[in-house]
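Counting in the numbering used here, the sequence shown runs from 3 upward without gaps.
Backbone N, C-alpha and C fix where the C-beta goes; we use that ideal spot for every residue, glycine too.
These numbers come from a predicted model, not from an experiment.
What follows is a single structure, written as structure tokens, with notes after it.
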Amino acid sequence: MTTASAQAPSPQQVHDVVVLGAGVSGIYQIKRLTDLGLNAVVLEADDDLGGTWYRNRYPGARFDSESVTYGYSFSRELLDEWHWKERYSGQPENLRYLNFVANKFNLRRFMRFNTRVEAMRWDETGRCWRLSIIGGDEVVTRFVICAVGPLSIPTPPRIEGMDDFRGEAYHTYYWPKEDVKLEGRRVGVIGTGATGIQVIGAIADKVGELTVFQRRPNWCAPLNNSEISDEEMAGIRKRYDEIFATCKITPGGFEHVPDRRGFWNVTREERVALWDSLYGQPGFAIWLQNFTEIFTDEKANAEFSAYIADRIRQRVHDPVVAEKLIPRDHGFGVQRLPMETNYLEAYNRSNVHLVDISETPIQRITETGIETTDAHYELDLIVYATGFDAITGGFDRIDIQGVDGARLADKWKDGPSTYLGTMVNGYPNLVMIAGPQSGSASTNFPRAIETHVDWITDLVTYCLDHDISRFEASPEAEAMWNQHVRDMYQTLLMRNAKGWMTGYNSNLPGHEEGTRRYIVYNGGAPKYTRTLNDVAANGYRGIVLA
Ligand code: NAP
3 MTTASAQAPS PQQVHDVVVL GAGVSGIYQI KRLTDLGLNA VVLEADDDLG GTWYRNRYPG
63 ARFDSESVTY GYSFSRELLD EWHWKERYSG QPENLRYLNF VANKFNLRRF MRFNTRVEAM
123 RWDETGRCWR LSIIGGDEVV TRFVICAVGP LSIPTPPRIE GMDDFRGEAY HTYYWPKEDV
183 KLEGRRVGVI GTGATGIQVI GAIADKVGEL TVFQRRPNWC APLNNSEISD EEMAGIRKRY
243 DEIFATCKIT PGGFEHVPDR RGFWNVTREE RVALWDSLYG QPGFAIWLQN FTEIFTDEKA
303 NAEFSAYIAD RIRQRVHDPV VAEKLIPRDH GFGVQRLPME TNYLEAYNRS NVHLVDISET
363 PIQRITETGI ETTDAHYELD LIVYATGFDA ITGGFDRIDI QGVDGARLAD KWKDGPSTYL
423 GTMVNGYPNL VMIAGPQSGS ASTNFPRAIE THVDWITDLV TYCLDHDISR FEASPEAEAM
483 WNQHVRDMYQ TLLMRNAKGW MTGYNSNLPG HEEGTRRYIV YNGGAPKYTR TLNDVAANGY
543 RGIVLA
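Encoded structure:
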């Protein structure tokens with residue numbers, strides 16, 4: 003196999019491949035590349051590895067994919083050596099797992115921490131990327147693999163007076179490593195997405211007073227987490243092949259297989275029997291083992307949403323609060339489903355208060371709390387669970403200049419455009435793991451990551467073996483994929499949803515109500531994998547190899 007190009011100016015800083023980000027994607031990617039003997043390095047802005055699981059240390063942070071389907075599947079030894087302790091493992095354990103993987107395969111030696119790439123420029127003459135690191139360094143590389151994470155740029159709200167607050171305040175993504183005192187304190191949480199719902203359930207019985215500032219309620223369902231005993235883990239180890247084989251053929255990349263009897267082919271009683279059973283099952287069963295019509299058929303979705311609304315009414319004692327927790331502007335499961343533990347029951351506690359800020363909006367943050375149009379809430383701690391500049395945020399943060407200096411951020415101003423969610427016309431030799439318009443964020447994330455990493459590794463190897471110094475998505479292939487991704491949205495009720503999966507975030511400039519960005523591929527994991535494999539098998543169709 004051929005390695006690094008000879009044209010680059012400074013041999014010490016030249017690599018075959020640079021991987022940006024040492025999270026779940028970057029860890030596996032660097033393993034594959036260095037196993038092949040390539041000169042590859044991971045550049046990571048943080049001071050350690052782990053990405054999502056290094057950062058999100060907020061109380062209640064845990065998987066909502068099953069631990070066993072979230073873990074890597076690439077190494078039998080790894081599967082045999084690791085013992086998952088909970089069906090849905092918490093953040094500290096998840097970070098330990100990623101460190102275990104990195105240490106087992108001795109991957110840290112290929113990682114540079116505290117290394118934030120602020121700009122990268124394509125050098126057509128040298129057929130390489132030139133990366134500028136904050137602090138002055140330049141790194142030259144033939145290929146760049148972006149593993150920057152789809153939810154790695156948090157978006158705090160823009161509320162007057164935020165800097166005036168004299169208590170503690172954190173966006174959940176930046177929750178400190180040190181213990182944050184909760185006992186006896188007056189805590190305010192803004193945001194009721196998957197993160198806020200985890201935080202609220204976890205801290206309600208620990209804090210003095212908890213005030214939740216809810217703009218829009220979200221549908222959610224019980225996680226039904228439990229411990230995994232030694233015997234169970236031994237059984238899981240025996241079933242690993244079967245588990246991962248199932249993940250490969252289900253749309254979500256999970257073990258959950260959709261019910262394909264047909265919503266309208268069974269009686270109402272049969273539907274309710276299924277839902278009663280799914281509500282008690284762990285994880286996304288209620289979402290992904292359901293009738294597929296709930297994603298596409300308004301009437302089917304409305305019937306199921308009404309079922310879940312009744313569950314909320316049963317679990318929340320105060321009927322006024324219960325009604326406030328039932329979403330009215332979207333149906334169940336058309337946005338990413340948050341999974342909850344003790345969330346609804348938290349509102350039955352006398353120390354937990356729900357403030358509906360769609361009725362009484364927040365006016366400002368003061369030195370001592372939050373002021374709405376209706377009241378002032380005295381607080382010691384504010385938790386911003388207000389989400390992320392999803393999918394494209396990690397790219398926008400780097401000044402990426404491709405052919406003729408064209409900026410990727412300009413090209414993606416009104417939404418991303420990619421080929422297969424892996425590459426972009428005008429940006430040669432740059433590949434993305436879990437990039438915009440890929441099948442990653444809409445499916446079980448690590449399963450999709452392994453697919454991506456394997457495909458990208460094959461592409462890089464193919465280029466090196468065939469003396470290909472430049473690859474780039476053709477404009478026609480990119481336009482076709484972009485249209486395909488858009489068309490896919492139109493088949494789903496998700497098209498009407500207002501959240502990060504439709505590319506909307508009220509905290510970002512330029513995002514108006516009604517903004518739609520087509521940022522994820524919704525065709526399901528098997529179809530996505532088939533498409534990638536088919537492209538590779540046909541000489542990388544749609545990619546210009548030079
Ligand atoms: P999110 O789903 O975008 O939710 C943000 C919440 O903050 C929403 O309730 C939003 O209200 C509210 N909000 C935002 N800006 C606000 C403002 N200025 N004023 C008042 N409220 C505001 O973000 P997230 O909860 O962090 O979840 C993002 C994604 O992360 C999830 O969908 C999931 O994919 C991932 N996640 C995964 C896990 C896991 O795997 N275990 C856990 C947590 C998160 P509106 O709805 O009105 O905009």
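Extent of the continuous alpha helix (DSSP H) to which residue i belongs
i: Phe306; result: Glu300 to Arg317
i: Ser104; result: The amino acid occupying residue 104 in the given sequence is Ala; Ser does not appear at that position. Per DSSP, Ala104 belongs to the alpha helix (DSSP H) from Gln93 to Lys106.
i: Ser134; result: Taken as a continuous stretch (DSSP letters only), Ser134 belongs to no alpha helix (DSSP H), being part of the beta strand (DSSP E) at Cys130 to Ile135.
i: Gln200; result: Ala196 to Ile205
i: Met235; result: Asp232 to Ile251
i: Ile161; result: Premise fails: Ile161 is in no alpha helix (DSSP H) and is neither H nor E.
i: Val259; result: Val259 -> no alpha helix (DSSP H), and no H or E assigned at all.
i: Arg273; result: Arg270 to Tyr281
Beta-carbon separation (whole angstroms), residue i vs residue j, contact threshold 8 Å
i: Gly389; j: Lys413; result: Not quite, the Cβ-Cβ distance comes to about 24 Å (not below 8 Å), so this is no contact.
i: Val487; j: Tyr530; result: Val487 to Tyr530, Cβ: 11 Å. No contact.
i: Ala387; j: Ile192; result: 7 Å
i: Phe38; j: Thr463; result: In the sequence as displayed, the identity of residue 38 is Leu instead of Phe. With 8 Å as the limit, Leu38 and Thr463 qualify as a contact, their Cβ atoms being about 6 Å apart.
i: Ile521; j: Ile393; result: 4 Å
i: Asn220; j: Thr194; result: 6 Å
i: Leu466; j: Trp131; result: About 16 Å; that fails the 8 Å criterion.
i: Ala436; j: Ser27; result: 6 Å
Cβ pair residue i, residue j closer than 8 Å
i: Ala63; j: Gln31; result: no
i: Ala206; j: Val354; result: yes
i: Val146; j: Met164; result: no
i: Met113; j: Leu225; result: no
i: Ile230; j: Lys415; result: no
i: Thr368; j: His378; result: yes
i: Val274; j: Pro61; result: no
i: Leu153; j: Thr54; result: yes
i: Ile359; j: Gln216; result: yes
i: Phe265; j: Asp299; result: yes
i: Asn507; j: Asp331; result: no
i: Leu356; j: Val214; result: yes
i: Gln337; j: Gly137; result: no
i: His297; j: Leu494; result: The identity of residue 297 in the sequence shown is Phe, whereas the question assumes His. Contact flag set, yes.
7 Å Cβ shell around residue i - same chain, five flanking residues per side excluded
i: Ala475; result: Tyr421, Met425, Val426, Asn427, Gly544 and Ile545
i: Leu314; result: The question names Leu, yet the displayed sequence has Ile at residue 314. Cβ neighbours of Ile314 beyond the five flanking positions: Ala324, Leu327, Ile328 and Leu346.
i: Thr117; result: Leu45, Glu46, Ala47 and Ile135
i: Leu109; result: Ile29, Ile32 and Lys33
i: Tyr56; result: Asp48, Asp50 and Leu97
i: Arg399; result: Ile155
i: Ala104; result: Ile29, Leu51 and Arg110
i: Gly85; result: For the record, residue 85 in the displayed sequence is His; it is not Gly. Hits under 7 Å: Met235.
Contacting residues, own chain, Cβ-Cβ under 6 Å from residue i (five flanking each side not counted)
i: Gly210; result: Gly186, Arg187 and Arg188
i: Ala223; result: Ile288
i: Glu162; result: Arg366
i: Glu560; result: Outside the displayed range of the chain (3 to 548) lies residue 560, so it cannot be described from this structure.
i: Ser12; result: With a pLDDT of 43 at Ser12, under the threshold of 50, the modelled position of this residue cannot be trusted; read the value that follows with caution. None.
Neighbourhood of residue i by C-beta distance below 8 Å, restricted to the same chain and skipping five residues each side
i: Arg409; result: Asp401, Ile402 and Gln403
i: Glu68; result: Arg89, Tyr90, Phe256, Glu257, Pro284 and Gly285
i: Ala567; result: Nothing about residue 567 can be reported from this structure: the residues present for the chain run from 3 to 548 only.
i: Arg239; result: Leu81 and Asp82
i: Asp320; result: Tyr349 and Asn350
Residue i, enclosing beta strand (DSSP E) - first and last residue
i: Ile364; result: Ile364 to Ile367
i: Thr143; result: Glu140 to Cys148
i: Thr213; result: Glu211 to Gln216
i: Tyr172; result: Glu170 to His173
i: Ala636; result: Nothing in the structure corresponds to residue 636, since the chain is present only between 3 and 548.
i: Val537; result: Where Val537 is concerned, there is no enclosing beta strand (DSSP E), although the alpha helix (DSSP H) it sits in stretches over Ala527 to Ala539.
i: Arg110; result: Neither: Arg110 is in no beta strand (DSSP E) and is coded neither H nor E.
i: Ile435; result: Element bounds for Ile435: n/a, residue is neither H nor E.
i: Arg188; result: Arg188 to Ile192
Residue i Cβ short of 7 Å to ligand 3 heavy atom set
i: Ser508; result: Looking at this structure, you won't find ligand 3 anywhere; what it does contain is ligand 1.
**Message:** Please give me, in chain order, every unbroken run of the alpha helix (DSSP H) with length at least 4 that falls completely inside the region 10-74.
**Reply:** 26-37, 54-57 and 69-72
**Request:** Identify every run of the alpha helix (DSSP H) within the region 324-385, keeping only runs that are complete inside it and at least 4 residues long; order them along the chain.
**Result:** 345-348
**Prompt:** Going along the chain, which unbroken runs of the alpha helix (DSSP H) with 4 or more residues stay wholly within the region 381-413?
**Reply:** 395-398 and 410-413
**Message:** What ranges does the beta strand (DSSP E) occupy inside the region 457-512, keeping only unbroken runs of at least 3 residues that lie completely in it?
**Reply:** 473-475
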